Amino acid sequence: MRIKADTHLCVGSGQCVLTEPAVFDQDEDGIVALLTDHLDDQSAAQARHAVILCPSRALSILQE
């Protein structure tokens with residue numbers, strides 16, 4: 000399972016970072032930055048929750 004972030008859609012709300020800081024960070028402009036794009040079992044549930052919480056729908060889960 001992988002996560003994708005569209006930095007053009009991101010509005011910098013930071014919900015993803017608050018939800019799963021092992022996967023998400025923010026750059027100096029507040030835009031989402033992925034620390035990894037591959038999700039292990041431990042981070043997958045929280046990353047899915049971050050996708051749901053994202054107000055701009057900049058995050059998506061890709062099944063492999």
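Going by numbering that gives the first Met the number 0, the sequence shown opens with residue 0, and the numbers climb by one from there.
Just so you know, even glycine gets a beta-carbon here, dropped at the ideal spot from N, CA and C.
Quick caveat, the model's predicted, so the values are computed rather than measured.
Pairing residue 45 with residue 18, the inter-Cα distance amounts to about 6 Å. Taking a contact as a CB-CB distance under 8 Å, the pair residue 5 and residue 57 counts as one, their CB atoms being some 5 Å apart.
C-alpha of residue 29 to C-alpha of residue 14: approximately 11 Å in a straight line.
Across the structure, residue 49 and residue 62 are spaced so that their CA atoms are roughly 16 Å apart.
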